[in-house]
Amino acid sequence: MLADPEKLDWEFLEHEAAIANLVRLTKMFESPELINDGDDTSPSKRIIKEIPDYEGKKASAGPLVVAKIGLPQLRAKCPHFSEWLGKLERLVSGQGQPPPPQN
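Numbering-wise, full-length UniProt numbering puts 34 at position 34 of the sequence shown, and it's gapless, one number per residue.
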């Protein structure tokens, strides 16, 4: 979500000022993956603090907003996520299969 918080306006148009606050927050970090100091400051908690409506809509609005952000943007902004996804892609393609179990 914090890879491009401006996309939150797709679901929360009436929260323009809150979205602007989240945009400012993301500019303080090298990557959205670094915006997680603990349970009270995790990305979802920060979004809920700015947009309380998000808490009740997280499961439905979250995937829609992430789809608007798009996988290329998520991968560009979130290197750990991109690395993890790359591992999954290699496993699916057969290029990174784990070794067979030893007897």
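Glycine included, C-beta positions come from ideal geometry on N, C-alpha and C.
Since this is a predicted model, take the numbers as computed values, not measurements.
Span of the alpha helix (DSSP H), counted from its first residue to its last, around residue i
i	result
G86	P79 to S93
P63	D53 to I69
I35	Run containing I35: none; DSSP gives neither H nor E here.
Residue burial classification, residue i (beta-carbon count within 10 angstroms, cutoff 16)
i	result
D4	buried
M1	buried
T26	buried
V65	buried
A18	buried
Among the options, the one whose alpha carbon lies nearest that of residue i
i	options	result
D9	P79, Q73, I47 and S93	I47
N21	L34, L71 and E6	E6
8 angstroms contact criterion, which residue i and residue j should meet: CB distance rounded
i	j	result
P32	K77	6 angstroms
L88	F81	The pair is not a contact, with the Cβ atoms about 11 angstroms apart (cut-off 8 angstroms).
message: Assess contact between the region 53 to 73 and the region 9 to 28, defined as three or more Cβ pairs (one per stretch) separated by less than 8 angstroms. Is contact present?
response: yes
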